[in-house]
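Residue numbers (my numbering): -15 to 411. Glycine included, C-beta positions come from ideal geometry on N, C-alpha and C.
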């Protein structure tokens, strides 16, 4: 829930920055307009609106990649801008290198860990599964991954161009950089088109977060607890809509702080990283208990926060502990990625080899990259605690029970005693 609120906040910030830069309205008015628009149509149509706007979002993102970015590129000087930027001293040697270690350690690697966590921890991803035919889930996700990756790289080119051109973000706020590049280098018609594409994309992601939050509260909080024996659909709908309103208000409050959007997204990705191993393991390993799942996530979060924000200086014995966990985290991340494609045994081999290699590289290095190290520590701690509490568990969870528990909020006939089942059949 916290991750979805942070994601919602980042979308409001981006929309407010865009509106304030391309119109006479203030940032506060901009975030209010975006929030009100998204909330109103999501309250009206719910998940249906989320699915429909997702399609529009993909079209808008692809349109921005195919039309807006090349237009900015050639308007800003084309390939000559790169040589001019180097001669003007706008870029460092690390920034010129395609294989920049600083870029990878500060942004590339943390973003890889964040995207993996998004795929598992983000409720909006799970929601999209219900909008896809079962036989098309895999090709849909492969296509979406390639399309999303291409779009991210394409939009990222605007930042690269800004760097070579020596563009400074307006008011020192990097959130202004994208609309600033569009406004400075494109004619009015293309600026308007870019505005609609970006606002459409932001709105789609925001309504997905609202739908996810409402679903969590009305089904997992109310439906699976208070209303378990006699869930009232009208009450569930009311709770879901109230959740949307409260979440929007909370996101608006946080958006006034104008956090850096990229930092927010990497942070929430690392936050969801605490969930990745327990979630995946609970689908395949019957020994995972509720205690193991919950404690592992809380423990990972408790260690992640002081490492990520350097509340305790990463030096001395603490640095050794943190780097050891981060080295194990590298193996966990690569092992999980490998598991999705090749299965358990190759995943264990890849994870072990990765951690062994990092033993010779990580010590003395990882402590300098708190963002990356925090993410890796989250993966490592959740893995150690979850595995440690579950390996000796005598539980053998019946996975068929999931369908019975989550599929209906009323007691399932097959869960009743034999006499009650007979009565239910007669009635």
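- By the neighbour-count criterion, in which a residue is buried when 16 or more other Cβ atoms sit within 10 angstroms of its Cβ, residue 292 is buried.
- Out of 373, 141 and 357, the CA that lies nearest to the CA of residue 305 is found in 357.
- The three-state reading of DSSP puts residue 379 in coil, since its state is none of H, G, I, E or B.
- For residue 60, the secondary structure class from DSSP, reduced to helix, strand or coil, is coil.
- With 16 or more other Cβ atoms from the protein chains shown falling within 10 Å of its own Cβ, residue 220 counts as buried.
- Membership of residue 325 in the alpha helix (DSSP H) is indicated by the continuous run 300 to 326.
- With contacts defined by Cβ atoms closer than 8 Å, residue 62 and residue 187 do not form a contacting pair.
- Where residue 290 is concerned, the enclosing alpha helix (DSSP H) starts and stops at 274 to 292.
- In the DSSP annotation of this structure, the continuous segment of the alpha helix (DSSP H) that includes residue 79 starts and ends at 77 to 80.
- In the same chain as residue 148, and ignoring 5 residues on each side of it, the C-beta atoms closer than 7 Å to its own belong to 65, 66, 69, 74 and 75, in chain order.
- Exclusion of the five residues before and after residue 310 leaves 350, 357, 360 and 361 as the residues of its chain whose Cβ lies within less than 6 Å of its Cβ.
- Nearest in C-alpha terms to residue 324, of all of 144, 176, 267 and 135, is 267.
- Taking 8 Å as the cut-off, the Cβ atoms of residue 253 and residue 101 count as close.
- The beta carbon of residue 363 lies closer than 6 Å to those of 257, 313, 316 and 317 in the same chain, with the five residues before and after it left out.
- The C-beta of residue 133 has fewer than 16 other C-beta atoms within 10 Å across all chains shown, which makes the residue exposed.
- When secondary structure is reduced to three states using DSSP, residue 159 falls in the helix class.
- Following the DSSP letters along the chain, one finds residue -13 inside the alpha helix (DSSP H) bounded by residues -14 to 6.
- In this structure, the alpha-carbon of residue 47 lies about 8 Å from that of residue 181.
- The three-state secondary structure of residue 152, taken from DSSP, is coil.
- The C-alpha of residue 288 lies about 37 Å from the C-alpha of residue 215.
- For residue 44, the CB contacts under 7 Å within the same chain, skipping 5 residues up- and downstream, are 181, 184 and 185 in chain order.
- The C-alpha of residue 151 lies about 28 Å from the C-alpha of residue 352.
- The beta carbons of residue 160 and residue 1 sit about 5 Å from each other, so the pair counts as a contact at 8 Å.
- Excluding the 5 residues flanking it on each side, residue 106 has same chain C-beta neighbours closer than 8 Å at -13, -12, -9, 196 and 256, in chain order.
- In this structure, the CA atom of residue 229 is about 29 Å from the CA atom of residue 260.
- Apart from sequence neighbours up to five positions away, the residues of its chain that approach residue 366 with a beta-carbon distance below 8 Å are 257, 258, 259, 260, 261, 262, 280, 281, 283 and 284, ordered along the chain.
- Here the stretch 375 to 382 makes no contact with the stretch 334 to 342; the two share fewer than three CB pairs at distances below 8 Å.
- Comparing C-alpha distances from residue 190 to each of 384, 173, 15 and 130 shows the shortest one belongs to 15.
- When secondary structure is reduced to three states using DSSP, residue 339 falls in the helix class.
- Looking only at 333, 327 and -3, the smallest Cα-Cα distance to residue 158 is reached by -3.
- The DSSP assignment places complete alpha helix (DSSP H) segments of no fewer than 4 residues inside the stretch 205 to 250 at 217 to 239, in order along the chain.
- Taken atom to atom, the span from the alpha-carbon of residue 51 to that of residue 58 is near 11 Å.
- Secondary structure of residue 347 (DSSP, three-state): coil.
- Taking the Cα of residue 265 as reference, the smallest distance to any Cα among 217, 199, 200 and 373 is reached at 373.
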